[in-house]
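So the sequence lines, in the order shown, correspond to chains A and B.
This note's numbering numbers the first residue of the first sequence as 159 and each following residue consecutively.
This note's numbering numbers the first residue of the second sequence as 11 and each following residue consecutively.
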Amino acid sequence: DAKTTQPTSMDCAEGRAANLPCNHSTISGNEYVYWYRQIHSQGPQYIIHGLKNNETNEMASLIITEDRKSSTLILPHATLRDTAVYYCIVTQGGSEKLVFGKGTKLTVNP
Amino acid sequence: NAGVTQTPKFQVLKTGQSMTLQCAQDMNHEYMSWYRQDPGMGLRLIHYSVGAGITDQGEVPNGYNVSRSTTEDFPLRLLSAAPSQTSVYFCASSYHRISGANVLTFGAGSRLTVL
Numbered sequence: 159d160a161k162t163t164q165p166t167s168m169d170c171a172e173g174r175a176a177n178l179p180c181n182h183s184t185i186s187g188n189e190y191v192y193w194y195r196q197i198h199s200q201g202p203q204y205i206i207h208g209l210k211n212n213e214t215n216e217m218a219s220l221i222i223t224e225d226r227k228s229s230t231l232i233l234p235h236a237t238l239r240d241t242a243v244y245y246c247i248v249t250q251g252g253s254e255k256l257v258f259g260k261g262t263k264l265t266v267n268p
Numbered sequence: 011n012a013g014v015t016q017t018p019k020f021q022v023l024k025t026g027q028s029m030t031l032q033c034a035q036d037m038n039h040e041y042m043s044w045y046r047q048d049p050g051m052g053l054r055l056i057h058y059s060v061g062a063g064i065t066d067q068g069e070v071p072n073g074y075n076v077s078r079s080t081t082e083d084f085p086l087r088l089l090s091a092a093p094s095q096t097s098v099y100f101c102a103s104s105y106h107r108i109s110g111a112n113v114l115t116f117g118a119g120s121r122l123t124v125l
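Quick look at the structure:
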C-alpha cells in the first residue's frame, strides 16, 4: 500500500474551514484514499473515502488531485468537537487492512 | 443496533496471566480485526478474519491468539501476558468486498495494563 505523509499538527478557528492535506505520491490505480479520525482515546471513526473523484458527505469533503498524488480533507465549518487526530490511509480496493501512521492532530480553537 | 462491542473496557493483569478480550458485532459483517495502539502511535493490526473459521496474522501477531467460530464474535486471547502488551486494543469490522472500498467500524477500545 502507498505510504502517506501528513503534517504533525494543525490549528483551526471554530467556524472556519479546516483543510487537512495528505501526500500519497506512490499511490497506484486501484488504491483508495480513506480518512478516519480519532477523538481523544475513542475508537477511530470513518469520515470519507475516494478513488479518483472528489467526494462529499455530511461530515466532510475529499478533494483528490488529478494525478492522485495528494488529497485534502475539508471540514467546512469546524467545531470544538472536531478536535481529533486525523488519519489519511491509502489501501488497495478489496482490502480491509488499514495501515495507520501518526496522523495530523487538529486543534479547533474557540 | 449496537455496532462493535468490546469487553472489558479496562483490565489490569499480572505478568504471566492469561485473559480474553471480547469483541462482538451485530451488523453481519464478514470481516473482523484486532488492532493495538501504543501511546503516541497509530494503530497496528494484530489478527484479522474474513469469515467464520478463517483467521490470519497481521503486523504484530506474536503473543496473541484468535479464533472465529461465529460471524458475530472475534475474541483475542493473551496466553501469557507481558508488560509489552500494555496497550489499548481496538476491534473493527466491515463487510468483506473483494473489490471496491471497505469501511471499518471500530469498537470503543479495551485498555489493558500488564504489571
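Glycine is no exception: its CB is placed at the ideal position from the N, C-alpha and C atoms.
All of these numbers come straight from a predicted model, not from anything done at the bench.
Backbone CA spacing between residue 65(B) and residue 76(B) [nearest angstrom]: The C-alpha of residue 76(B) is placed about 7 Å away from the C-alpha of residue 65(B).
In this structure, how does DSSP classify residue 78(B) when only helix, strand and coil are distinguished? In the structure shown, residue 78(B) sits in coil (DSSP, three-state: anything other than H, G, I, E or B).
Jot down the residue ranges of each uninterrupted alpha helix (DSSP H) in the region 46-98 of chain B, minimum 4 residues, whole runs only, in chain order. Those alpha helix (DSSP H) runs which fall completely within the region 46-98 of chain B and span 4+ residues do not exist here.
For the region 97-116 of chain B, which residues have a CB atom closer than 8 Å to at least one CB atom of chain A, in sequence order? Considering only beta carbons, the part of the region 97-116 of chain B lying closer than 8 Å to chain A consists of 98, 100, 102, 104, 106, 107, 108, 109, 110, 111, 112, 113, 114, 115 and 116, in chain order.
Can you tell me where the beta strand (DSSP E) holding residue 228(A) begins and where it ends? First-last of the beta strand (DSSP E) with residue 228(A): 228-233.
Could you list which residues in chain B have their beta carbon closer than 8 Å to that of residue 207(A), in chain order? Per Cβ cutoff of 8 Å: 111 and 113.
If you reduce the DSSP assignment to three classes, tell me which class residue 107(B) lands in. Here residue 107(B) sits in coil by DSSP.
List, in order along the chain, the chain A residues whose C-beta lies closer than 7 Å to that of residue 118(B)? The answer, in chain order, is 200 and 201.
Name, going along the chain, the residues of the region 241-256 of chain A whose beta-carbon falls closer than 8 Å to a beta-carbon of chain B. For the region 241-256 of chain A, which is checked against every Cβ of chain B, the residues closer than 8 Å are 245, 251, 252, 253, 254, 255 and 256.
Where does residue 220(A) fall in DSSP's three states? Looking at residue 220(A) - three-state DSSP - the assignment turns out to be strand.
At the level of alpha carbons, what is the spacing between residue 62(B) and residue 171(A)? A direct Cα-to-Cα measurement between residue 62(B) and residue 171(A) gives close to 47 Å.
Assign residue 238(A) to one of three DSSP states: helix, strand, or coil. The answer is helix: DSSP assigns residue 238(A) an H, G or I state.
Buried or exposed for residue 216(A), please, with buried defined as at least 16 other CB atoms from any protein chain shown within 10 angstroms of its CB. Label assigned to residue 216(A): exposed.
Suppose contacts are defined by Cβ-Cβ distances below 8 Å. Is residue 55(B) in contact with residue 100(B) by that definition? No, the pair does not count as a contact, with Cβ atoms beyond the cut-off.
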